[in-house]
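Chemist: Here's a structure for you.
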Amino acid sequence: MNVLTLTKKWAWAGLSLALFFTACQTEAPGAEKPETSPETTAAPVDESLKASVKGPHLLEPAEVKALYDSGEPFKVIEISKADKYEKGHLPGAINFWRPDYEGGGYEYSGMRLSADEMAALLGSHGISPDDFILVYCTKGSVDAIRFMWMLDLYGHSKKAIMNGGKAAWAADGYELTTEAAPEAAPVLYTFQQPEQTAKLASFDDMVAALQDTNVIILDTREPEEYQGVPYVDKGACYPYKKGAFTFGRIPGAKHLNWSDAVDLDGDHRFKSLKDLKYNFKKAGITPDKKIIAYCQSGVRSAHTTYVLTELLGYPDVRNYDGSWIEWSHRYVNQGDVPVEREIDEAEHQIRLAALQAEAAAKLAAEE
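Residues -28 to -1, 1 to 339 (mature numbering (1 follows the signal peptide of the UniProt record, and there is no 0)) make up the sequence shown, in order.
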């Protein structure tokens, strides 16, 4: 039974799985079409799905479970650190983490793999161009969407993320396994389409945006990063996020934290369309403008790009893959870009010293 027939069998009104495969108009290679059976009855509609957001590459956990139950082959990738994967993952899932799909030969970290490098990664894990790939992660789909953004860029058409990732899967009562995926025989992977660059912004695009009033530059980092102030994370003090070369932001950028789009205090699913529209409108992010999103290394901004394009239907949104790492590298090493700061270097040092003193005093008090 192929996946398209499966979605018809379950007949869940409005489910994105059916929308996705209808849009792709593809079937699994070698799959046979079963005869229709008059005894086949539709499963009851899950009322909770009616209020959830929909997207052409977004599946609910119940839809993913239906794929497993169908016996239809597909590939599953968990994007997480190894220790999180080993504590439990979806059946058959293989494990990638950021270093596996970062590269490209840059002088700084965080950049995407080249198309050839990405093809080699997929092929080495037995993934072929015809495979349907489901990607999920452990934090509001942010890493899953970054990976899917790369699949989209290089032309792998059959793909989706799972709304809420592992948190939603567990919250909905589905089981995890600690059994590692069987090792797949490598295949030769070749992308079947040219690069799809509509959602990619280059360094030159970002420079041009500084002078273009029709472009909104959107910073999707944490408030402390946007403000350019030192911060404390898990007891350690940081002048700015590791991997960057200095503090600050790209001049003129508006701010909206990527995580405002998801329920990180709950099951990590996307917020309602009403809430999403309200948050972006309040931040001045409107669909009549071109939008370039950035963060530290293109991960969080890929998430925001997905929300704006696939969930809210904004027509022109791009992810600046170099993001603050590349921009701050240029500022420090070439001096050919400007930065915007709320405090100067002297004040930054004073605040960092104060945080360090506070952290030291707290540690001494605990001893």
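Don't be surprised by glycine CBs; every beta carbon is placed ideally from N, CA and C.
Classify M83 as helix, strand or coil using the three-state DSSP reduction.
Modeler: DSSP places M83 in coil when its eight states are reduced to three.
Chemist: Since K254 sits in a beta bridge, which residues does DSSP pair it with?
Modeler: Note: K254 sits in no beta bridge, so no partner.
Chemist: Restricting to Cα atoms, I'd like to know which of V311, L284, E317 is closest to I297.
Modeler: With distances taken between Cα atoms, I297 lies closest to V311.
Chemist: So, are the CB atoms of L284 and L248 less than 8 Å apart?
Modeler: Cβ atoms of L284 and L248: closer than 8 Å.
Chemist: Inspect the CB distances between the stretch 272 to 286 and the stretch 102 to 121 and report whether three or more fall short of 8 Å.
Modeler: The stretch 272 to 286 is in contact with the stretch 102 to 121.
Chemist: May I have the straight-line CA-CA distance separating L30 from Y286, to the nearest angstrom?
Modeler: Cα-Cα distance, rounded: 17 Å.
Chemist: For the stretch 14 to 69, list the alpha helix (DSSP H) runs that are entirely contained and at least 4 residues long, ordered along the chain.
Modeler: Entirely contained in the stretch 14 to 69, the alpha helix (DSSP H) runs reaching 4 residues are, in chain order, 19 to 22, 33 to 42, 54 to 58.
Chemist: For L190, which three-state DSSP category applies?
Modeler: Note: L190 maps to strand in three-state DSSP.
Chemist: Go ahead and label D293 buried or exposed: buried means 16 or more other beta carbons lie within 10 angstroms of its beta carbon, across all protein chains shown.
Modeler: The residue in question, D293, is buried, as its Cβ has 16 or more Cβ neighbours within 10 Å.
Chemist: Can you have a look at K62 and say buried or exposed, based on whether 16 or more other CB atoms are within 10 angstroms of its CB?
Modeler: What sits at residue 62 in the sequence shown is Leu, not Lys. Buried, because 16 or more other Cβ atoms sit within 10 Å of the Cβ of L62.
Chemist: State the CB to CB distance for the pair residue 363 and L125, rounded to an integer number of angstroms; the pair is presumed to be in contact (CB under 8 Å).
Modeler: A query on residue 363 cannot be resolved here, the shown segment of the chain reaching from -28 to 339 and no further.
Chemist: Can you tell me the Cα-Cα spacing of C(-5) and Y250, whole angstroms?
Modeler: Note on C(-5): pLDDT 38, under 50, position unreliable in the model; the coordinate value appears next. The alpha-carbon atoms of C(-5) and Y250 are separated by roughly 31 Å.
Chemist: For R290, list the residues DSSP reports as bridge partners.
Modeler: Answer is I264, bridged to R290.
Chemist: On the three-pair Cβ rule with 8 Å, is the stretch 136 to 149 touching the stretch 53 to 69?
Modeler: In short, these stretches touch, since the Cβ pair count reaches three.
Chemist: Are the stretch 229 to 238 and the stretch 156 to 173 touching, with three or more C-beta to C-beta distances below 8 Å?
Modeler: They do not touch, by the three-pair rule.
Chemist: Leaving out five residues on either side along the sequence, give the residues of the same chain with a beta carbon under 6 Å from the beta carbon of F119.
Modeler: Taken in chain order, the residues that qualify are I51, V107.
Chemist: When DSSP labels each residue in this structure, what does E312 get in the three-state scheme?
Modeler: Strand at E312.
Chemist: At a cut of 8 Å, does the stretch 251 to 270 reach the stretch 183 to 202 through at least three beta carbon pairs?
Modeler: At 8 Å Cβ cutoff, the stretches touch.
Chemist: Go through the stretch 198 to 225 residue by residue and report every complete run of the beta strand (DSSP E) that reaches 3 residues or more, in order.
Modeler: With a minimum length of 3 residues, the continuous beta strand (DSSP E) runs that stay inside the stretch 198 to 225 are 203 to 205, 208 to 210.
Chemist: What's the gap between the Cα of Y210 and the Cα of F219?
Modeler: The alpha-carbon atoms of Y210 and F219 are separated by roughly 10 Å.
Chemist: Using three-state DSSP, classify T317 as helix, strand or coil.
Modeler: Per the sequence shown, residue 317 should be read as Glu rather than Thr. Note: E317 maps to helix in three-state DSSP.
Chemist: Find the nearest neighbour of V204 within the set A325, R241, S300, judged by alpha-carbon distance.
Modeler: Here the closest residue by C-alpha is A325.
Chemist: D316 to I222, Cα distance in whole Å?
Modeler: Spanning the two alpha carbons is a distance of roughly 15 Å.
Chemist: Can you tell me whether DSSP reads T277 as helix, strand or coil?
Modeler: Three-state result, T277: helix.
Chemist: Following the continuous beta strand (DSSP E) through L125, name the residue where it begins and the one where it ends.
Modeler: Counting along the chain, L125 falls outside any beta strand (DSSP E), though it belongs to the alpha helix (DSSP H) covering 114 to 126.
Chemist: If you drop the 5 nearest sequence neighbours on each side, which residues of the same chain put their C-beta closer than 6 Å to that of G64?
Modeler: So the list reads V48, A153, once near-sequence residues are dropped.
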